[in-house]
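Here the structure comes first, spelled out in structure tokens, and everything after it is commentary.
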Amino acid sequence: MNMAIYLDHNATTPLDPRVLDAMLPWLQGVHGNPSSIHRPGREARAALDRARMQVAALVNAQPAQVIFTSGGTEADNLALKGVCSGKPRGRILVSAIEHAAVLGPVEDLIRQGWQVQRLPVDHECRLDFNALQKMLGDDVRLVSLMLANNETGVIQDVKAVADCAKRHGALLHTDAIQAAGKLPVDFVALGANLMSLSAHKLGGPRGVGALIVDRRVDLAPQITGGGQEHGLRGGTENLAGIIGFGKAAELARLELDVRNRHLRALRNNLEAGLQSMSGISIFAEQVERLPNTVQLGVAGFDGEMVVMELDKRGIAASSGSACHSGSGQPSHVLLAMGVDEAYARSAVRISFGMSNSMDDVQTLLAALMTIASKRSGALALA
Amino acid sequence: MNQKTIYLDYAATTPVDPRVAEKMSGCLTCEGMFANPASAHGPGRAARGAVEQARNQVAALVGAEPGEIIFTSGATESDNLAIKGVAHFYKHKGRHLVTSRIEHKAVLDTCKQLERDGFEVTWLKPDADGLIQPPMVEQVLRPDTVLVSIMHVNNEIGTINDIAAIGRITRKHGVFFHVDAAQSAGKLPIDLKTLFVDLMSFSGHKLYGPKGIGALYVRRQPRVQLDPLIHGGGHEHGLRSGTLATHQIVGMGEAFSLARQELTKEAPHLRALREKLWQALHTAVPQAMLNGHPTERVCGILNVAFPGIEGESLLFACGALAVSSGSACTSADRQPSFVLRALGRDDQLAGSSIRFSVGRFTTSAEVEAAARIVSEEYRRLLDLAPVG
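Structure below.
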């Protein structure tokens, strides 16, 4: 397989070899079920608790606030449905740019009779604060706003929104899946009540995530049976996965500054190179974004075709969220920003990781140049 | 883990088979297939290919079509998805469910949740051998019954229910049938082509695969529809969203493929080990009593009552042995096993019971040592116990 250059780290990151080393012993030899009271069981339980501390430390939460799940999608589902299940129907406010993992359960809540309103964003993908203040009321049970957007990388002022929500007695959930490991994330300082995390976006394995929950929140479990995770999430724990998540969280915490500098340098280099290319623009260029994310508009092209052309040259990028790949729909995030449909379809997302180098940026720039020069060819939309 | 520990708790969880671990490692490293299977680029397509191969492997063990297999985070999620999924999707048709009192907690707690949500549940009591007899099911079916959920093999006593006969009844009455097969897959032959089973739950870590992965079989013809439990992204035909954990899925696929190759050899071997253990225990401790059906039991599980002592005390006394006084998922609540009480065992006998479960890596020497340790410690505890 041609794996020359991987520039799709917001979809999933390669497993850090040190994380793999931490996981492997738990895939070899005999290990107990963490719920068993014999020695192998207790050893598994102790390892699980260590990982819980490591994940908690990454986001300045208490270990008891960490509920391990099968991933970010389940964490988002548990947050939204867990807060609403069995409660008197009210209103929920969600930003228009949330991931499908939030918008999916929201659709389900609408079917159950909850009233859901979308919070608009401006042209630069930032939450419209005036709209939020107008929409908030005492019948709002929950506000959900992601900390950093997976497509544009734009970072939201979650703290201010949390303060606002609190004044109206509403809970605040933030999907911090893209932010954790790329930015300092502080559960306490943000004032969030619920926060979703995913291991495989920060060098950990897939199939494991967590919901951080302020224990004053009355949360209804969505997967029942066995009483694991304080009764909030049944099922035998994904031991090796959770241990990998713990290690990845610890490394992300210790190496945050180094990673930040490297990713920012790559991004700045790419953006500088793009300045000279006509017809390519960067979405939300002027606002604070994740250090590793650049979403481009390639005027006159179909983003999915550009991704395929890059793929032929051994470069893995994305036309948006991996969860939307192949849907043929323009990005709901870009449409919410007021981007017109044709231009939204031209989007290409580049998301760097620690294994990328300045050479990778140059290779990408050269490839984009070649592809963009085929303006009159089969690629063009018009 | 301490080398001297004798692990006889395969029903709680199994070690990952080294051949499975090797396949998983290949998917976890940068050189392997690490990409998101939903991504359109080359690495994404390679990962998707690995996922589909695993789906074929899981389907092949149980006679299903690959398109009928949905990957989940484990059997608990599969049970939740099957039961809540059917109950909610068909709630306008009826709100009555049938299950048994000796199901795994994943089924019991889910049905209790549905009771709180306004569904009605009939809880069948097993016979004295721990079996749910098919006529018991037929007797309680009603016009508004939408689902029957009965486990294939009980996790504590190993008894095997006649799911073929129960399926004929549910199909005749137009009721969906869910089977928790976490303990039976790979130990008993299962052919979903010939069974009238509509939904079946599987676990990776009960069959030498990793923890944190499972699957749900969802019959296509006649079709079963479900309300999903986890929304967003539309993975797994929209029934289960969330980025697929390629290494976990590949591990489960390999585990199921190995089980398929080894089933006919392994089952008689485990049965022989189990019988050897029972004979040795029963010879040394004649008052020991077998819990569950004498013959209709899965090959690996042996549940024994040791009258006059507490199962937990015996468990702690046998520090070198990893065995269980019940299901791992109920270890924390320290109640006498609800399964054994449902069989009609009194609290004292239920509380004096130990589950031994042998597996692929159990040796004859381990079984002999285990029988020796247990009988010695039992006699010692009995001497310490107050007379009368």
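In order, the protein sequences belong to chains A and B.
The opening position of the first sequence corresponds to residue 0 in numbering that gives the first Met the number 0, with each subsequent residue numbered one higher.
The opening position of the second sequence corresponds to residue 0 in numbering that gives the first Met the number 0, with each subsequent residue numbered one higher.
Positions of the beta carbon are idealized from the N, C-alpha and C atoms, including for glycine.
Next item on the list: Note down, in chain order, every chain B residue with its Cβ under 8 angstroms from the Cβ of Gln294/A.
Entry: What Gln294/A touches in chain B: nothing, since even the nearest Cβ is about 16 angstroms away.
Notebook entry, point to check: Within the 9 angstroms Cβ cut-off, does Gln182/B reach chain A?
Noted result: no
Check: Taking buried to mean at least 16 other C-beta atoms within 10 Å of its own C-beta, is Ala335/A buried or exposed?
Finding: buried
Check: Can we count Ser363/B as close to the ligand NAD, meaning its CB is less than 8 angstroms from some heavy atom?
Finding: This structure does not include the ligand NAD; it has no bound ligands of any sort.
Check: Looking at Val97/B and Leu60/B, is the spacing between their C-beta atoms short of 9 angstroms?
Finding: no
Margin query: What does the alpha-carbon distance come out to for the pair Val217/B and Pro220/A?
Written below: 24 angstroms
Check: Which value, in whole angstroms, describes the spacing of the CA atoms of Glu375/B and Leu320/B?
Finding: 13 angstroms
Next item on the list: List the whole-angstrom C-beta distance separating Lys413/B from Ala266/B, where the pair is believed to meet the contact cut-off of C-beta under 8 angstroms.
Entry: Since the first residue of chain B shown is 0 and the last is 387, residue 413/B is not available in this structure.
Note to self: Which complete beta strand (DSSP E) runs does the stretch 248-301 of chain A hold, if anything under 3 residues is left out?
What the structure shows: 279-281, 292-297
Checklist line | Residues from the stretch 94-108 of chain B in contact with chain A, defined by Cβ distance under 8 angstroms | finding: His103, Lys104, Ala105, Val106, Leu107, Asp108
Check: Taking the alpha-carbon positions, what's the Glu236/A to Asp8/B distance?
Finding: 16 angstroms
Margin query: Are the CB atoms of Ile131/B and Ile388/B within a distance shorter than 9 angstroms?
Written below: Beyond the ends of chain B as shown, which are 0 and 387, falls residue 388/B; an answer cannot be given.
Notebook entry, point to check: Could you give the distance in angstroms between the alpha-carbon of Leu262/A and the alpha-carbon of Ile248/B?
Noted result: 31 angstroms
Check: Does Gly103/A come within less than 9 angstroms of chain B when only Cβ atoms are used?
Finding: yes
Notebook entry, point to check: Whose CA, out of Ala34/B, Thr12/B, Gly41/B, Cys26/B, lies closest to the CA of Glu308/A?
Noted result: Gly41/B
Next item on the list: Would you mind stating whether Pro188/B and Asp161/B have Cβ atoms separated by less than 9 angstroms?
Entry: no
Margin query: Let me make sure I understand the geometry here. Which of Ala58/B, Ser363/B, Ala46/B, Ala316/B has the alpha-carbon closest to that of Gly213/B?
Written below: Ala58/B
Check: If you follow the alpha helix (DSSP H) that Arg110/A is part of, which residue opens it and which one closes it?
Finding: 99-110
Next item on the list: Any chance you could list the beta strand (DSSP E) runs of at least 3 consecutive residues sitting entirely within the stretch 200-267 of chain B, in chain order?
Entry: 213-217
Item checked: Simplified DSSP assignment, three categories, for Ala209/A -> strand
Next item on the list: Have a look at Ala164/A and Thr242/B and give me their C-alpha separation to the nearest angstrom.
Entry: 30 angstroms
Next item on the list: With 9 angstroms as the threshold, decide whether the Cβ of Asn154/B is near any Cβ in chain A.
Entry: no
Next item on the list: Report the residue ranges of all alpha helix (DSSP H) runs contained in full by the stretch 32-86 of chain A; include only those spanning at least 4 residues, in chain order.
Entry: 38-57, 71-83
Next item on the list: Would you please state the rounded distance, in angstroms, between the beta carbons of Arg354/B and Ile308/B? I believe it to be under 8 angstroms.
Entry: Incorrect: roughly 15 angstroms between the Cβ atoms, too far for contact.
Next item on the list: Please report how far the alpha carbon of Val366/B lies from the alpha carbon of Arg140/A, in whole angstroms.
Entry: 57 angstroms
Notebook entry, point to check: Is Arg140/A close to chain B, meaning its C-beta is less than 9 angstroms from at least one C-beta of that chain?
Noted result: no
Check: Taking Cβ positions, are Glu249/A and Gln53/A nearer each other than 9 angstroms?
Finding: yes
Checklist line | One or two residues paired with Glu119/B in a DSSP bridge | finding: His95/B
Checklist line | Residue of Leu342/B, Leu262/B, Phe360/B minimising C-alpha distance to Ser352/B | finding: Leu342/B
Checklist line | Neighbourhood of Leu348/B by C-beta distance below 6 angstroms, restricted to the same chain and skipping five residues each side | finding: Ala304
Checklist line | Alpha carbon of Pro209/B to alpha carbon of Met368/A, nearest angstrom | finding: 45 angstroms
Checklist line | Beta-carbon proximity list for His204/B, same chain, < 7 angstroms, skipping 5 on both sides | finding: Thr12, Thr13, Lys210
Check: Going along the chain, which unbroken runs of the beta strand (DSSP E) with 3 or more residues stay wholly within the stretch 149-196 of chain B?
Finding: 175-179
Check: How do the stretch 199-214 of chain A and the stretch 56-69 of chain A stand: do at least 3 beta-carbon pairs fall below 8 angstroms, yes or no?
Finding: yes
Notebook entry, point to check: So what's Gln112/B in DSSP terms, helix, strand or just coil?
Noted result: helix
Item checked: Cutoff 7 angstroms; reference Glu270/A; Cβ partners in own chain excluding five residues on either side -> Ile281, Val293
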